[in-house]
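Written below as structure tokens is the structure these notes are about.
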Amino acid sequence: MCGIVGYVGPKEAPEIVLSGLKRLEYRGYDSAGVAVIEQSGAIAVRREPGKLQHLMDTVASQPIQGNIGIGHTRWATHGKPSQRNAHPHTSMNKRVVLVHNGIVENFLEIKDELQAEGVVFESDTDTEVIAQLLERHLEAGMEFIDATRKTLQRLAGSSAVVIVNPAQPDMLITARLGNAGGITLGLGEGEMFIASDIPAILDYTREMVFLENKQMAIITRMGYTVTDIEGNPVPSEVHTIPYDPVSAARGEYRHFMQKEIFEQPRAIIDTLRSRLLFEEGAVEIPSMNLSAELANNLNKLYITACGTSYLSGLVGKFIIESTARMSTEVEYASEFRYYNPIIDEKTAVLAITQSGETADTLAAMELAMHGGATLWSIVNAIGSQAMRVADGHIAMQSGPEIGVASTKAFTTSIVDQYMLALLLGELRGTISAEKRTSMIHDLALLPDLAGRALETDAQCKEIAQVYQHARDFLFIGRGINYPIALEGALKLKEISYIHAEGYPAGEMKHGPIALIDEEMPVVAIVTKNALYEKMVSQVEQVKARGGQVIALATEGDTFIATKADHVIFVPKTPYLLEPVVNVIPLQLLAYHIAVWLGADVDQPRNLAKSVTVE
Ligand code: AGP
1 MCGIVGYVGP KEAPEIVLSG LKRLEYRGYD SAGVAVIEQS GAIAVRREPG KLQHLMDTVA
61 SQPIQGNIGI GHTRWATHGK PSQRNAHPHT SMNKRVVLVH NGIVENFLEI KDELQAEGVV
121 FESDTDTEVI AQLLERHLEA GMEFIDATRK TLQRLAGSSA VVIVNPAQPD MLITARLGNA
181 GGITLGLGEG EMFIASDIPA ILDYTREMVF LENKQMAIIT RMGYTVTDIE GNPVPSEVHT
241 IPYDPVSAAR GEYRHFMQKE IFEQPRAIID TLRSRLLFEE GAVEIPSMNL SAELANNLNK
301 LYITACGTSY LSGLVGKFII ESTARMSTEV EYASEFRYYN PIIDEKTAVL AITQSGETAD
361 TLAAMELAMH GGATLWSIVN AIGSQAMRVA DGHIAMQSGP EIGVASTKAF TTSIVDQYML
421 ALLLGELRGT ISAEKRTSMI HDLALLPDLA GRALETDAQC KEIAQVYQHA RDFLFIGRGI
481 NYPIALEGAL KLKEISYIHA EGYPAGEMKH GPIALIDEEM PVVAIVTKNA LYEKMVSQVE
541 QVKARGGQVI ALATEGDTFI ATKADHVIFV PKTPYLLEPV VNVIPLQLLA YHIAVWLGAD
601 VDQPRNLAKS VTVE
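So the sequence shown is numbered by the numbering used here: it starts at 1 and just counts up by one.
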């Protein structure tokens, strides 16, 4: 999940590479580096551990110049974060320099072979074996492109690389093996760009080409050639990416996560736009390529994803099963890919992924494809692998989500599943026209309801100050709000580092109630729905044991205020859409606790925005 940038053209490469890395900093920030080929033909490298700013300061004080360059922000896999393990990596005799994203699974075997031949390694990384092996092939007399192909064919595992050879200072070679983070080519006028993620180069071009698995590109400032790693030419499609520079900037917000929480009403509108035909009482999603025949031929849906996207799928199960009457199973992609699920032509597999590049999710999609399933995806990153390989997809259209903790992608992906359920329900004849019209009316109210939930921000900040030093948190909910209890816990733990657990409230008496004491804040989702009385009873059980309860309740519910220590009111919301509204105060609570604690909200330790390795 590292960030990669490359450039060749008339401009100064360091400036372009560093500005691109800045936009990718959320992908990994253990260390960073940049390399250029100087006019003298020498490789010049600057590398620093820690945040990208350290590298930028070094380049400012020790400038490097050149018109071809590569750069990298690292999320460490092999070799702890340090200068010697930072990318770019140079081969022993300085004949190649490269950056890499992914894992070389057979690096020890290759490293042993090379060391036995006298190669001296500088780092502990798996990446360095790529540079050293490539140099061996060059020294054996192979030409750069062929030597690169031979090297790539030897690597096991998923990798994305960008390579420069000072003997050919006008050429970049890049390649993608497996589901490691993507490689995007940016097409300029007399210049070319490479990035692991679109935002890195959107300031310079919106014409993009995306490499697929086992493809490589030979790039000069005048253009590119794409082949497979055996050297056979392959067709490449140029995509024009819509982009709004403002939406990718933080604006007046203190953190990207805060901005993205507050963008949710607009993001919901954007994901509804052009799909929700309010007057006709219909939903249209052409990108799903859905037909009545297909919809009625399916008898099983798997939803597969990771992290917050998985929890969105848990919500989607409630919506799709109740609306489209399609048996739905939700599974972590990291489990799905290894447990040999029962898949056939009557199965649909829906992958939910903000980045569209999560390795486990892409692997689960590949398994689904090989099993003959119909493959769908709900994705935010335009042009990402998960969007491209699916038979049908829904773009979340929530705009770039930069904060590592996912917020607007979570809520828009629920809305997208709600629209998918409406579409499937209509095609399968499982909902009446009246029911469909009513559900669409509910959907049209959602942006306003979400906006009202944001009005709890000041109260959430106050409550966060009270509980910022709690050692543990428990989140409980029932029915469609059980996944929201899980998501509230995940948001809190990943940005504040406070241990937090989500639980189905009915399970309290089967174990978790033993945890309750006056030190344990319990967040209970007690909104007015069919399970309200059950939840009130849970709150009473926690209070009876001295616990502290923060209740999420429906506006006007004066009764719960007599039971809980704090009540955060949200507007009355149709049951199937409650998760979109109820999650917002939990996002705000997690955000403010993290801010009170001085945590690195947008770049929490050990995490990255896109997990492109297993
Ligand atoms: C969510 O807050 C986390 N950052 C993480 O769980 C994330 O949802 C997960 O890695 C999946 O990412 P994706 O949606 O890009 O596939």
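Cβ coordinates follow ideal geometry from the N, Cα and C atoms, glycine included.
### Query
Any heavy atom of the ligand AGP closer than 6 Å to the Cβ of A421?
It does not: the Cβ of A421 is nowhere closer than 6 Å to a heavy atom of the ligand AGP.
### Task
Give the secondary structure of Q548 by DSSP, where H, G and I count as helix, E and B as strand, and everything else as coil.
In the three-state reduction of the DSSP assignment, Q548 falls in the strand class.
### Message
Tell me the rounded alpha-carbon separation between I103 and V164.
### Response
Their Cα atoms are separated by approximately 20 Å.
### Task
On a CA-only basis, which of G141, S31 and A35 is nearest P14? Give me that one, please.
The candidate whose alpha carbon is nearest that of P14 is A35.
### Message
Between A42, I70, A470 and S274, which has its C-alpha nearest V161's C-alpha?
### Response
Ranked by Cα distance from V161, the first of A42, I70, A470 and S274 is I70.
### Query
In whole angstroms, what is the alpha-carbon distance linking E321 and I440?
C-alpha separation (whole angstroms): 17 Å.
### Query
Are the region 568-587 and the region 411-427 in contact at 8 Å, needing three or more beta carbon pairs?
Under the 8 Å Cβ criterion, the region 568-587 counts as touching the region 411-427, having at least three qualifying pairs.
### Query
Can you tell which of Y302, I173 and G3 has its C-alpha closest to the C-alpha of T148?
Considering only alpha carbons, the answer is I173.
### Query
Within the chosen definition, does the region 549-562 reach the region 207-225 through at least 3 CB pairs nearer than 8 Å?
Counting C-beta pairs closer than 8 Å gives fewer than three between the region 549-562 and the region 207-225, which falls short of the contact rule.
### Option nearest I218 by Cα separation, candidates I285, L202, I145 and P265
Minimum Cα distance to I218 is reached at I145.
### Query
Who pairs with K300 in a beta bridge, going by DSSP?
Answer is T347, bridged to K300.
### Query
Within 6 Å: the Cβ of G307 and any heavy atom of the ligand AGP?
Indeed, a heavy atom of the ligand AGP lies less than 6 Å from the Cβ.
### Task
Decide yes or no for the touch test of the region 361-372 against the region 188-201: beta carbon pairs closer than 8 Å, at least 3 of them.
Below 8 Å, too few C-beta pairs join the region 361-372 and the region 188-201 to call them touching: fewer than three.
#### Entry: I480 versus I229: straight-line alpha-carbon distance, rounded
Cα-Cα distance, rounded: 47 Å.
### Query
Is the beta carbon of A405 within less than 6 Å of some heavy atom of the ligand AGP?
The answer is yes for A405.
### Message
Output needed for L515: all residues of its chain with C-beta closer than 8 Å, excluding positions within five of it in sequence on either side, in chain order.
### Response
Taken in chain order, the residues that qualify are D472 and L474.
### Message
Taking 7 Å as the threshold (C-beta atoms), are E487 and L311 in contact?
### Response
Contact flag set, yes.
### Task
Can you have a look at Y339 and say buried or exposed, based on whether 16 or more other CB atoms are within 10 angstroms of its CB?
Classification for Y339: exposed.
### Query
Is Q354 near the ligand AGP, going by C-beta to nearest heavy atom under 6 Å?
The answer is yes for Q354.
### Query
Buried or exposed: which applies to V97, given that a residue is buried once 16 or more other Cβ atoms fall within 10 Å of its Cβ?
Residue environment analysis places V97 among the buried positions, since at least 16 neighbouring C-beta atoms fall within 10 angstroms of its C-beta.
### Task
Please list, in chain order, all residues of the same chain as P604 whose beta carbon is under 6 Å from its beta carbon, the five residues on each side excluded.
Shown here for P604: same chain residues with a beta carbon closer than 6 Å to its own, the five before and five after excluded, namely V404, E494 and I495 in chain order.
### Query
Between the beta-carbon of R84 and the beta-carbon of S31, is there less than 7 Å?
Contact flag unset, no.
### Query
What is the rounded straight-line gap between the Cα of S159 and the Cα of G307?
Computed Cα separation, rounded: 23 Å.
### Task
Ignore the nearest five residues each way along the sequence and tell me which others in A373's own chain have a CB closer than 7 Å to its CB.
Cβ neighbours of A373 within its own chain (closer than 7 Å, five residues either side excluded): I343, T347, A348 and V349.
#### Entry: Coil, strand or helix - R176 by DSSP
Judged by DSSP in its simplified three-state form, R176 adopts strand.
### Task
Could you tell me the boundaries of the beta strand (DSSP E) in which L375 lies?
First-last of the beta strand (DSSP E) with L375: T374 to V379.
### Query
Got a sec, what are the start and stop residues for the alpha helix (DSSP H) T220 sits in?
It is not in any alpha helix (DSSP H) - T220 instead sits in the beta strand (DSSP E) that spans Q215 to T220.
### Task
Name the two residues that bound the continuous alpha helix (DSSP H) containing D112.
Counted as a single uninterrupted DSSP element, the alpha helix (DSSP H) harbouring D112 occupies residues F107 to A116.
### Residue environment, R95, which counts as buried when at least 16 other CB atoms sit within 10 Å
It is buried - the Cβ of R95 has at least 16 other Cβ atoms within 10 Å.
### Task
Give the single residue among T430, E401, Q397 and Q385 whose Cα lies nearest to the Cα of V415.
Comparing alpha-carbon positions, the option among T430, E401, Q397 and Q385 lying closest to V415 turns out to be Q397.
### Query
Looking at C-alpha atoms only, which residue of V570, T358 and Q468 is the closest neighbour of C2?
Nearest to C2 by C-alpha distance, out of V570, T358 and Q468, is T358.
### Task
Just list the beta strand (DSSP E) runs in the region 82-168, keeping only unbroken ones of 3 residues or longer that don't cross its boundaries, in chain order.
Restricted to the region 82-168, the beta strand (DSSP E) segments that are unbroken, complete and at least 3 residues in length are 97-102 and 159-164, listed in chain order.
#### Entry: Every unbroken alpha helix (DSSP H) within the region 377-419, with a cutoff of 4 residues, ordered by chain
For the alpha helix (DSSP H) assignment, the uninterrupted runs of no fewer than 4 residues enclosed by the region 377-419 are, from N- to C-terminal side, 385-389.
#### Entry: Nonlocal neighbours in the same chain, by C-beta distance under 6 Å from L427, ignoring five residues either side
Excluding positions up to five away in sequence, the list reads A292 and A295.
#### Entry: For I498 and L492, believed in contact at Cβ under 8 Å, the rounded distance
Indeed they touch by this definition, with Cβ atoms about 6 Å apart.
### Query
Anyone know if the C-beta pair for G79 and D124 falls short of 7 Å?
Contact: yes.
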